[in-house]
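A.B. asks: If you read the sequences in order, they're chains A, L and R. Letter 182 of the first sequence, counting from 1, is numbered 182 in this note's numbering, and no numbers are missing. So this note's numbering is basically just the index in the second sequence, starting at one, shifted up by 218. So this note's numbering is basically just the index in the third sequence, starting at one, shifted up by 513. Cβ atoms here follow ideal geometry from the backbone N, Cα and C, with glycine treated the same way. Please read all numbers here as calculations on a predicted model, not as lab measurements. So that we are looking at the same thing, I have put the structure below in structure tokens.
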Amino acid sequence: MGTEEIIWNGVAAFLVLCIYTFLYKDTPLYKFAEHLVVGVSAGYFAVILYYNGFVPKLITPLKQGQWVYIIPAILGMMMWTRFSKKWSWLSRFSLAFYIGSGTGFAIPLYMQNYVLRQFSSSMLPMGFSSWALFCNILIIIGVLSALVYFFFSKEHTGIFGGTAKIGIWTLMIGFGAGFGLTVMGRISLLAERVVFLREYLLELKYYLYLLFKYGLPL
Amino acid sequence: MKKLCWKILLLPLFIYFIFFSYSLASETETSAEIISATQWFNPQRINVFIILIVFFAFVLYFIQKAKKGGSLFVRRIAGLDAIEDAVGRATEMGKPILYISGIEDMDNLQTVASMIILGNVAEMVAAYDVPLLVPVCLPFVVTVAEEAVKQGYAKAGRPEAYNRDNVRYLTSEQFAYAAGVNGIMLREKPAANFMFGSFYAESLLMAETGLSTGAIQVAGTANIHQLPFFVVACDFTLIGEELFAASAYLSREPKLLGSLKASDLAKFLIMVMLVLGVLLETFGITKFTSWFFVQ
Amino acid sequence: MNFYERMMNLDRRWIYLVIGLVVVITAIFPFDVPLYVTPEVRSIYDYIESLNPGDVLMIGVDYAPEVMAELHPMTYAISRQCFKKDVKLLLCCLHQNGPGMVEQVISQVSKEYNKINGVDYVYLGYKPYPGITILAMGQNFRIPFPEDYYGTPLDSLPMMRGLTNFDNVKAIINISGGSGTELWINFANGRYNAKLAIGVTGVMTSDYYPFLQSGQIFGLIGGMKGASEYEYLAEKDGYISRAKNQLSAYKTMPIQTTSHLVVILFIVLGNIGFFMSKKKKSRI
Numbered sequence: 001m002g003t004e005e006i007i008w009n010g011v012a013a014f015l016v017l018c019i020y021t022f023l024y025k026d027t028p029l030y031k032f033a034e035h036l037v038v039g040v041s042a043g044y045f046a047v048i049l050y051y052n053g054f055v056p057k058l059i060t061p062l063k064q065g066q067w068v069y070i071i072p073a074i075l076g077m078m079m080w081t082r083f084s085k086k087w088s089w090l091s092r093f094s095l096a097f098y099i100g101s102g103t104g105f106a107i108p109l110y111m112q113n114y115v116l117r118q119f120s121s122s123m124l125p126m127g128f129s130s131w132a133l134f135c136n137i138l139i140i141i142g143v144l145s146a147l148v149y150f151f152f153s154k155e156h157t158g159i160f161g162g163t164a165k166i167g168i169w170t171l172m173i174g175f176g177a178g179f180g181l182t183v184m185g186r187i188s189l190l191a192e193r194v195v196f197l198r199e200y201l202l203e204l205k206y207y208l209y210l211l212f213k214y215g216l217p218l
Numbered sequence: 219m220k221k222l223c224w225k226i227l228l229l230p231l232f233i234y235f236i237f238f239s240y241s242l243a244s245e246t247e248t249s250a251e252i253i254s255a256t257q258w259f260n261p262q263r264i265n266v267f268i269i270l271i272v273f274f275a276f277v278l279y280f281i282q283k284a285k286k287g288g289s290l291f292v293r294r295i296a297g298l299d300a301i302e303d304a305v306g307r308a309t310e311m312g313k314p315i316l317y318i319s320g321i322e323d324m325d326n327l328q329t330v331a332s333m334i335i336l337g338n339v340a341e342m343v344a345a346y347d348v349p350l351l352v353p354v355c356l357p358f359v360v361t362v363a364e365e366a367v368k369q370g371y372a373k374a375g376r377p378e379a380y381n382r383d384n385v386r387y388l389t390s391e392q393f394a395y396a397a398g399v400n401g402i403m404l405r406e407k408p409a410a411n412f413m414f415g416s417f418y419a420e421s422l423l424m425a426e427t428g429l430s431t432g433a434i435q436v437a438g439t440a441n442i443h444q445l446p447f448f449v450v451a452c453d454f455t456l457i458g459e460e461l462f463a464a465s466a467y468l469s470r471e472p473k474l475l476g477s478l479k480a481s482d483l484a485k486f487l488i489m490v491m492l493v494l495g496v497l498l499e500t501f502g503i504t505k506f507t508s509w510f511f512v513q
Numbered sequence: 514m515n516f517y518e519r520m521m522n523l524d525r526r527w528i529y530l531v532i533g534l535v536v537v538i539t540a541i542f543p544f545d546v547p548l549y550v551t552p553e554v555r556s557i558y559d560y561i562e563s564l565n566p567g568d569v570l571m572i573g574v575d576y577a578p579e580v581m582a583e584l585h586p587m588t589y590a591i592s593r594q595c596f597k598k599d600v601k602l603l604l605c606c607l608h609q610n611g612p613g614m615v616e617q618v619i620s621q622v623s624k625e626y627n628k629i630n631g632v633d634y635v636y637l638g639y640k641p642y643p644g645i646t647i648l649a650m651g652q653n654f655r656i657p658f659p660e661d662y663y664g665t666p667l668d669s670l671p672m673m674r675g676l677t678n679f680d681n682v683k684a685i686i687n688i689s690g691g692s693g694t695e696l697w698i699n700f701a702n703g704r705y706n707a708k709l710a711i712g713v714t715g716v717m718t719s720d721y722y723p724f725l726q727s728g729q730i731f732g733l734i735g736g737m738k739g740a741s742e743y744e745y746l747a748e749k750d751g752y753i754s755r756a757k758n759q760l761s762a763y764k765t766m767p768i769q770t771t772s773h774l775v776v777i778l779f780i781v782l783g784n785i786g787f788f789m790s791k792k793k794k795s796r797i
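Structural data, given as structure tokens:
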């Protein structure tokens, strides 16, 4: 690692340790690191949005004489009227266009991908002659019982209530799997940072050894 | 209602048979060269179209029925009983109640549902003269929360008991908000904590702190990743759609009730068709399932 | 307060300390762990293995630095495998804090394999509103991305000749740490029937198994475990090298193993404490 990398990685290592002080309590170091990351990511996003969204999608087409882009520009500016009590009614046009077009794109596709595709792939053959067929039975029981649990037009009594109980057990098993994967995900982030700190310390040790031996920064 | 269900159940079967008889047509002669062009209607998505129309029809029908005052039964949600018990407990202990409405803005449906539940909690709380603390994450939600609490107190006939200072804006920063809420829990030691809305990583921080103070906790969110944390740290959890069902149950708002009943009917049809499809697949008949398959 | 009650009321900072120590000690004294490769990861690897030189694979990189620990290894491993096989890469980023992530991967990996921008790979860049961008790319990549990330018009890039939309790429691999995956499934696969596989964080993995089961995605790399499985396969076939320190996910598996064992131990102790306290209360 060169001098520049050592310095910047050192800053990164310092900020990692600042964040981890939260494990003890809400320290000023944690607050400093948190505010820094919030500010930097907001600033970075603003710049990226300007150069990748605003310039190529509005300024460049207008400079090229594509005046039709004035319409979305005006709709966008109308959104800012939400901050004015007198003119906030103008923002409803932009919101209506945005929500309407978004809903128009999304609803049929969500119905197709989240309902129909899942529904058709749950229609599985059952049986006991193979492990796959037995697993199909478990899937079908899980799907039906979870649907029964979220049925609000009938009290959960009798057989219906029993099926709903199987449904809640199915959901809890799913939550458990999600919980376990979440623990794995969080440990992964910790593990990677610890490995980064270890490797940085080894690089720093080597750098300082060379610095003191040869007296020159790399 | 039962007759309507049967009519609606037969409709897709009728359409299926139309499709099935169409597909039995014999081969035609080879046509001349054609050039493709963008179509206005994609016939390969006709199943999606029909299902959407049917679902929209359900929603509109039930909303109309709710507006006309028709009785629409919605079962009691277990967590809502716990809210009443918790309010009673807080009255006995003389401690406040804490209500957290999530960290999303009013454009999120969960926050809207949370505000409806807040209004009902305020109505319950007003009758018992228990302080209701509502720390809020976003400025716009503060105004809505103030209005919901004020309406709740007014409905209970105790408008003078409403304290505007109890609905307070903390901060829009996620973990700073969690830290602020934790501080309120540790200082005020509320007897009950209600957490309804959209939560992210701060959910476990707040739920654990509430658990450590010994408060009764009832939570509800549709964010699947946070449900395990609420389930382990809270006494009652409203899972996913139960949050919206609770808001429909408490408010009896026609649009909410109508949508809930329509989705229930859709679920019933899905269950029936799923059982039918599974039985047919088990006996090797795949035509029924293939109608639902999207090309 | 008896032992079980003390277990139940243990300050969480002790748990943080124990896990922290276990992670640090395992990081200093690592060991090899056996790895089982799941079918959903193998299906992505085998698919890329079946591609021919000159085929184009699209990678949608939609994550920010906060989840790069889990997702960066996947992106590196897939890119290295593709470049070694002379498969061309078309990359894009739909997360606002992600352009730098793609730039970091592609600039490093392209140097390793002497790949040329515009000939062997094209990096389209970032555009806001991922759903609309995916819908537009399904018609023509040039609609949302008239130029690449470096400002070169797409039509002047040799690789983009004949590459119009998703129909011209063999598959799309979306590596995402947020809601971008849903949009790729809905719009790219749902609307345009694009062949899609995904790589997601551990937290999100369980949400996407239904899509694997329904065939909407043909493969799923879940979290750091999935990334380590992919690296294991890639190392076996020589696409990545342990000597060059290219197994960034695989080397954290010992830490995962030991820390998970500690977490399981605490869960067991906590449950024992819970049931014993409950038993004691019922006796009283």
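For G715 of chain R, which residues in the same chain have their Cβ closer than 8 Å to its Cβ, ignoring the five residues on either side in sequence?
C.D. replies: If we look at G715 of chain R and ignore the five residues flanking it on each side, its Cβ neighbours are E583, G735, G736, M737 and K738.
A.B. asks: Does DSSP put Q621 of chain R in a helix, in a strand, or in coil?
C.D. replies: Three-state DSSP puts Q621 of chain R in a helix.
A.B. asks: Output needed for T163 of chain A: all residues of its chain with C-beta closer than 7 Å, excluding positions within five of it in sequence on either side, in chain order.
C.D. replies: Excluding sequence neighbours, T163 of chain A sits near S145 and V148.
A.B. asks: Can you have a look at I561 of chain R and say buried or exposed, based on whether 16 or more other CB atoms are within 10 angstroms of its CB?
C.D. replies: Counting Cβ neighbours within 10 Å, I561 of chain R comes out buried, since at least 16 surround it.
A.B. asks: Buried or exposed: where does H585 of chain R fall if 16 or more other Cβ atoms within 10 Å of its Cβ makes it buried?
C.D. replies: Under this definition H585 of chain R is a buried residue.
A.B. asks: So, for V536 of chain R: in the same chain, excluding its five sequence neighbours on each side, which residues have a beta-carbon less than 7 Å away from its beta-carbon?
C.D. replies: Contacts found: I768 and S772.
A.B. asks: If you draw a straight line from the C-alpha of C605 of chain R to the C-alpha of M614 of chain R, how long is it?
C.D. replies: In a straight line, the C-alpha of C605 of chain R is about 11 Å away from that of M614 of chain R.
A.B. asks: Using a Cβ-Cβ distance under 8 Å, would L648 of chain R count as near chain A?
C.D. replies: Yes, contact with chain A.
A.B. asks: By DSSP, does L468 of chain L sit in helix, in strand, or in coil?
C.D. replies: Residue state, collapsed to three classes: helix.
A.B. asks: Give every residue of the same chain whose Cβ lies closer than 7 Å to the Cβ of M311 of chain L, excluding the five residues on either side of it in the sequence, and list them in chain order.
C.D. replies: Taken in chain order, the residues that qualify are A409.
A.B. asks: Assign P353 of chain L to buried or exposed, taking buried as 16 or more other Cβ atoms, counted over all protein chains shown, within 10 Å of its Cβ.
C.D. replies: So P353 of chain L counts as buried.
A.B. asks: By how many angstroms is the C-alpha of Y558 of chain R removed from the C-alpha of F238 of chain L?
C.D. replies: The pLDDT assigned to F238 of chain L is 49, lower than 50, so where the model puts this residue is not dependable; a value taken from the coordinates is nonetheless given after this. Using only the alpha carbons, I get a separation of about 40 Å.
A.B. asks: Verify whether the separation of the beta carbon atoms of A451 of chain L and L422 of chain L is less than 8 Å.
C.D. replies: In this structure, L422 of chain L lies closer than 8 Å to A451 of chain L by Cβ.
A.B. asks: In whole angstroms, what separates the C-alpha of W89 of chain A from that of D668 of chain R?
C.D. replies: W89 of chain A and D668 of chain R: Cα-Cα distance of roughly 43 Å.
A.B. asks: How would you label N784 of chain R, buried or exposed, when you count the other beta carbons within 10 angstroms and need 16 or more for buried?
C.D. replies: Exposed: under 16 other Cβ atoms inside 10 Å.
A.B. asks: So, are the CB atoms of E317 of chain L and L298 of chain L less than 8 Å apart?
C.D. replies: It should be pointed out that residue 317 of chain L corresponds to Tyr in this sequence rather than to Glu. For Y317 of chain L and L298 of chain L, no; Cβs fall outside 8 Å.
A.B. asks: Beta-carbon separation of Y803 of chain R and Q617 of chain R under 8 Å?
C.D. replies: Residue numbering for chain R in the displayed model covers 514 to 797; residue 803 of chain R lies beyond these limits and cannot be assessed.
A.B. asks: When you compare each of A:M111, A:L95 and A:I6 to M78 of chain A by their alpha carbons, which one comes out closest?
C.D. replies: Checking every option, the nearest Cα to that of M78 of chain A belongs to A:L95.
A.B. asks: Let's see if you can read the secondary structure: which residues bound the alpha helix (DSSP H) around F358 of chain L?
C.D. replies: Segment P357 to K373, the alpha helix (DSSP H) holding F358 of chain L.
A.B. asks: Based on the DSSP secondary-structure assignment, which residues constitute the bridge partners of S601 of chain R?
C.D. replies: Reading the sequence as shown, one finds Lys at residue 601 of chain R and not Ser. R:V569, per the DSSP bridge assignment.
A.B. asks: Using 8 Å as the limit for Cβ to Cβ distance, is A808 of chain R near chain A?
C.D. replies: Shown here, chain R extends from 514 to 797; a query on residue 808 of chain R therefore has no answer.
A.B. asks: DSSP state of N630 of chain R, grouped into three classes?
C.D. replies: DSSP places N630 of chain R in strand when its eight states are reduced to three.
A.B. asks: Who are the Cβ neighbours of K373 of chain L in its own chain at under 6 Å, not counting the five residues just before and after it?
C.D. replies: Answer for K373 of chain L: E341, listed in chain order.
A.B. asks: Would DSSP call N326 of chain L helix, strand or coil?
C.D. replies: Note: N326 of chain L maps to coil in three-state DSSP.
A.B. asks: Within the segment 41-104 of chain A, note down every full alpha helix (DSSP H) run reaching 4 residues or more, in order along the chain.
C.D. replies: Qualifying alpha helix (DSSP H) stretches, in chain order: 60-63 and 70-79.
A.B. asks: Could you list which residues in chain A have their beta carbon closer than 8 Å to that of S669 of chain R, in chain order?
C.D. replies: Those within 8 Å of S669 of chain R in chain A number zero; the least Cβ separation is about 16 Å.
A.B. asks: I'd like to know whether the C-beta atoms of V348 of chain L and V367 of chain L end up nearer to each other than 8 Å.
C.D. replies: No. Outside cutoff.
A.B. asks: P666 of chain R: buried (16+ other C-beta within 10 angstroms of its C-beta) or exposed?
C.D. replies: Counting Cβ neighbours within 10 Å, P666 of chain R comes out exposed, since fewer than 16 surround it.
A.B. asks: Could you tell me the alpha carbon to alpha carbon distance between L242 of chain L and F511 of chain L, rounded to whole angstroms?
C.D. replies: Here L242 of chain L scores only 47 on pLDDT, less than 50, and its place in the model should not be relied on; the value that follows carries that caveat. When rounded, the distance between both Cα atoms is 18 Å.
A.B. asks: Nearest CA to the CA of Q621 of chain R: which residue from R:A577, R:F596, R:R674 and R:V632?
C.D. replies: When only C-alpha atoms are compared, the closest one is R:F596.
A.B. asks: I'd like to know whether the C-beta atoms of F93 of chain A and L75 of chain A end up nearer to each other than 8 Å.
C.D. replies: In contact: F93 of chain A and L75 of chain A (Cβ atoms closer than 8 Å).
A.B. asks: For R376 of chain L, name the three-state secondary structure that DSSP assigns.
C.D. replies: If DSSP states are grouped into helix, strand and coil, R376 of chain L belongs with coil.
A.B. asks: Under 8 Å by Cβ, that's how I've got F152 of chain A and A275 of chain L pegged, so tell me the actual separation to the nearest angstrom.
C.D. replies: About 20 Å; that fails the 8 Å criterion.
A.B. asks: Is it true that the CB of N326 of chain L sits closer than 8 Å to the CB of L468 of chain L?
C.D. replies: The answer is no: Cβ separation not under 8 Å.
A.B. asks: Using beta carbons (cut-off 8 Å, strictly below), is I442 of chain L in contact with chain C?
C.D. replies: Absent here is chain C; the protein component of the structure consists of chains A, L and R.
A.B. asks: Residues of chain L with CB under 8 Å from G127 of chain A, in chain order?
C.D. replies: Correct list: T500.
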